[in-house]
């Protein structure tokens, strides 16, 4: 069997399956928040313990941020629960339950980001942000084929429209 035959036998890559309802108004609001955030080709989106969702560069400079309202999820630690608005819950529903539980075990304790001072959105305490991307990962991304980099840039431009 040739390599060409092998590739023709492989099933297509499955589509990403959402674990949330795209018609839910709260999920639509979370999507709008994501759409407002600026992106960096090597950056990440991170929810801080202060309840602020931030778009960060690889070295963890804040590009944009938005405070999220707190929420209630039945599997959240009782110390984290609130019966208030549900935007953080909607954000967390986008992740598997076991991932959220692991994040809690590692210290995720979110608060109402709308009550965090706006200055802190862009200049948070150091312990709020995740560590910078390791140098090896930066080098890997820099050495990525140019066509892959251009595809990422194109997707980012499309999102910004």
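Numbering (my numbering), first residue to last: 893 to 1053.
Here a beta-carbon is modelled for each residue, glycine too, at the ideal position from N, C-alpha and C.
Going by beta carbon distance, what residues of the same chain come within less than 8 angstroms of residue i, once the five residues before and after it are set aside?
i: residue 899; result: Residue placement at residue 899 cannot be trusted, given a pLDDT of 48 that sits under 50; what the coordinates show is reported in the next sentence. No residues qualify anywhere along the chain.
i: residue 913; result: 919
i: residue 1048; result: 931 and 933
Note down, in chain order, each residue of its chain lying with its Cβ closer than 6 angstroms to the Cβ of residue i, except the 5 sequence neighbours on either side.
i: residue 929; result: 947 and 956
i: residue 992; result: 984
i: residue 968; result: Note on residue 968: pLDDT 46, under 50, position unreliable in the model; no value is reported.
i: residue 986; result: 912
i: residue 972; result: No answer about residue 972 holds up, because its pLDDT of 43 lies below 50 and its placement is not dependable.
i: residue 936; result: 948
i: residue 1019; result: none
Assuming residue i is part of the alpha helix (DSSP H), what are its boundary residues?
i: residue 1034; result: 1027 to 1034
i: residue 979; result: 979 to 984
i: residue 1012; result: 1010 to 1014
i: residue 1037; result: Premise fails: residue 1037 is in no alpha helix (DSSP H) and is neither H nor E.
i: residue 910; result: Segment: none, residue 910 is in no alpha helix (DSSP H) and carries neither H nor E.
i: residue 926; result: 917 to 928
i: residue 996; result: 989 to 997
With DSSP as the reference, identify every bridge partner of residue i, one or two as the case may be.
i: residue 938; result: 946
i: residue 1005; result: DSSP lists no partner for residue 1005.
Specify, as a first and last residue, the run of the beta strand (DSSP E) that residue i falls within.
i: residue 958; result: 954 to 959
Throw me the rounded Cβ distance for the residue i and residue j pair, which I believe falls under 8 angstroms.
i: residue 995; j: residue 934; result: Not quite, the Cβ-Cβ distance comes to about 22 angstroms (not below 8 angstroms), so this is no contact.
i: residue 941; j: residue 1001; result: 5 angstroms
i: residue 1021; j: residue 950; result: That belief does not hold up - the Cβ atoms of residue 1021 and residue 950 are roughly 12 angstroms apart, past 8 angstroms.
i: residue 1051; j: residue 927; result: 7 angstroms
Going by beta carbon distance, what residues of the same chain come within less than 7 angstroms of residue i, once the five residues before and after it are set aside?
i: residue 959; result: 943, 944, 1005, 1006, 1008 and 1013
Mind checking if residue i is an interface residue toward chain B, Cβ cutoff 9 angstroms exclusive?
i: residue 954; result: The structure shown contains no chain B, having only a single protein chain.
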